[in-house]
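Working notes for the structure below.
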Amino acid sequence: MRLNHINLCASDVGALKDSLEQHFSFRTIQFGKVPDHPGAVDSGSDFAMLTGQDGCDVVISQIEAGEQSAYPPQFHFGLMQDSAEAVHAKHAELVAAGYSPGRVSAGFEVFGAVWTAFYCPLGDGLQVEVNHRTHSDVLDA
């Protein structure tokens, strides 16, 4: 079994779609309004479907903008980079693009692997973790 897709929620579907395309190599498959058909949830609201380089899809559903986060504390999704240097480069790219990523944590050990990672808010309380880890038999089991 493998992860097929994840549904993320955003008050500005287009902005989150653009962020995932521009900075995380996702490609938009469909962007528009949820069609009005039997069983459709939130017909007429914005949605997008994107695919990643690894074949995992991301669906983005529209929510109302609110004062509180759309996500519970600690919720995030992670995107792995090929090297620790790529994590630092992605951090610099996001800073230059006007995002406010947290600091890069480098060289910490978890589950027998050495990690380099940072978190970056994408709006509505959603955060992406950008990381790299060394090989670990624990994580590969």
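Numbering that gives the first Met the number 0 puts the sequence shown at residues 0 to 140.
All residues carry an ideal CB built from backbone N, CA and C; glycine is no exception.
If distances are taken between C-alpha atoms only, which option among D123, V40, N6 comes closest to E66? D123
Which residue or residues does DSSP assign as beta-bridge partners of G122? L125
Quick one: using the 10 Å Cβ neighbour count with 16 as the cut-off for buried, is P100 buried or exposed? buried
Taking the alpha carbon of W114 as the reference point, which residue from H131, Y98, P34, K16 has its own alpha carbon closest? H131
Can you list, in chain order, the residues of its chain with a C-beta nearer than 7 Å to that of F25? Leave out the 5 residues immediately preceding and following it. L19, L49, T50, G51, V57
Any chance you could list the alpha helix (DSSP H) runs of at least 4 consecutive residues sitting entirely within the segment 78-124, in chain order? 83-95
Please return the same chain residues whose Cβ sits closer than 7 Å to the Cβ of Q73, not counting the five positions on each side in sequence. none
Have a look at A91 and G54 and give me their C-alpha separation to the nearest angstrom. 26 Å
Between the segment 7-21 and the segment 35-43, do three or more beta carbon pairs fall short of 8 Å? no
In the DSSP assignment, the beta strand (DSSP E) including L19 goes from what residue to what residue? Counting along the chain, L19 falls outside any beta strand (DSSP E), though it belongs to the alpha helix (DSSP H) covering 12-23.
Tell me the DSSP secondary structure of C8 in three-state form. strand
Among Y70, V94, P37, Y118, whose alpha-carbon lies nearest the alpha-carbon of M79? Y118
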